[in-house]
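Residues 9 to 240 in our numbering are what the sequence shown lists, from first letter to last.
Each residue gets a CB set at the ideal place from its N, CA and C atoms; glycine is no exception.
Notes follow the structure.
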Amino acid sequence: MYIALKKWIKNDNSVLGKLARKILYGLRNIEFPVIPLVHSSLYSFHRFIQNFFHTAIQFLYFSPMFKSRVAGSKKRLKLFCGMPQIFGPLKITLGDDVRMSGITTFCGRAVSNETPELIIGNNVDIGWQNAISVGNKVIIENDVRFAGKIFLAGFPGHPVDCELRAQGLPDTEDQVGDIIVKRGAWVGTGSTIIAGVTIGEGAIIAANSVVTKDVPAFTLAGGNPAKVIRTL
């Protein structure tokens, strides 16, 4: 009955059918009017409640849990939007005054001979949807800034040989490398840093770059593969 009525309203070209369509489309486009004082007050109240509960949950629940999992001083940690996911064996050492999105993933290589280690210094920003895969060691020094959707690929997860991949074997030791991001460096949104790379002190990596080689200190690098654009 409902389907037949819907089909009739949609396809009938009689006067009655056209009238029914006009009424239906009119009803679908009705909007509730904005009452300035009422709705602006509701919006402010909504934001207050939202921020209050978000802050309370971060302070009482997510931050203490995450701190219990990591080593280091970790004073004045600011977590936003939950808590990072941690996969595999991974030792994490956290400095002070770190600001970190909870929508972040840390992963340690399961087949490494020693426990992979992630070291994050003081006054570091780690933005939204960052993924840090640690083969042996990843070091992020003081005052580093990571924007969003950055990938540090300390290991690839699969071997180069297609036959070994088909057998489900892991990556090989020659594919694994440390990543070091020196003090004051800034990595732009969507960038990828490959194993074995060092980003020099104060360097800037342009958005959406793929960094396959070391970047000198106080330079701007960008592109795929990233190249030095100019000195800073």
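Take residue i and list the residues in its own chain whose beta-carbon comes closer than 6 Å to its own, dropping the five residues that flank it on each side.
{"i": "I11", "result": "none"}
{"i": "I111", "result": "C89, W136, Q137"}
{"i": "R107", "result": "K86, D133"}
{"i": "T113", "result": "Q93, A139"}
How about residue i and residue j: are their beta carbons less than 9 Å apart?
{"i": "A234", "j": "S217", "result": "yes"}
{"i": "G143", "j": "Q175", "result": "no"}
{"i": "P167", "j": "P124", "result": "no"}
{"i": "G94", "j": "R77", "result": "A quick correction: the sequence has Ile, not Gly, at residue 94. Result yes, Cβ atoms of I94 and R77 sit closer than 9 Å."}
{"i": "I140", "j": "C115", "result": "yes"}
{"i": "I207", "j": "G196", "result": "no"}
{"i": "M91", "j": "S120", "result": "no"}
{"i": "I187", "j": "V223", "result": "no"}
{"i": "K99", "j": "L126", "result": "yes"}
{"i": "D179", "j": "R117", "result": "yes"}
So, for residue i: in the same chain, excluding its five sequence neighbours on each side, which residues have a beta-carbon less than 8 Å away from its beta-carbon?
{"i": "D151", "result": "G129, N130, N131, V132, R191, G192"}
{"i": "A215", "result": "A155, G196, T197, G198, S199, G230"}
{"i": "F241", "result": "This structure does not reach residue 241, given that the chain is present from 9 up to 240, and the question cannot be answered."}
{"i": "E122", "result": "N144"}
{"i": "R55", "result": "none"}
{"i": "N232", "result": "N216, S217, V218"}
Since residue i contacts residue j with CB under 8 Å, what's their CB separation in whole angstroms?
{"i": "N138", "j": "F154", "result": "6 Å"}
{"i": "D104", "j": "K75", "result": "D104 to K75, Cβ: 12 Å. No contact."}
{"i": "T200", "j": "F159", "result": "5 Å"}
{"i": "G80", "j": "T101", "result": "4 Å"}
Shorter than 9 Å from the beta carbon of residue i to some beta carbon of chain C?
{"i": "A28", "result": "Absence of chain C from the displayed structure is noted, only one protein chain being present."}
Among the residues of its own chain, which have a CB less than 7 Å from the CB of residue i, if the five just before and after it don't count?
{"i": "L177", "result": "P167"}
{"i": "K263", "result": "No answer is possible for residue 263: the residues shown for the chain start at 9 and end at 240."}
{"i": "G34", "result": "none"}
{"i": "R173", "result": "H166, P167"}
Taking 8 Å as the cut-off, does the CB of residue i come closer than this to any heavy atom belonging to the ligand SAH?
{"i": "A229", "result": "The ligand SAH is not among the ligands present in this structure, which contains no ligands whatsoever."}
Could you pull out every unbroken alpha helix (DSSP H) segment of at least 4 residues lying fully inside the segment 164-238, listed in chain order? 170-174
Can you list the alpha helix (DSSP H) stretches of 4 or more residues lying completely in the segment 41-110, in chain order? 44-65, 71-77
For the segment 111-142, list the beta strand (DSSP E) runs that are entirely contained and at least 3 residues long, ordered along the chain. 113-116, 125-128, 139-142
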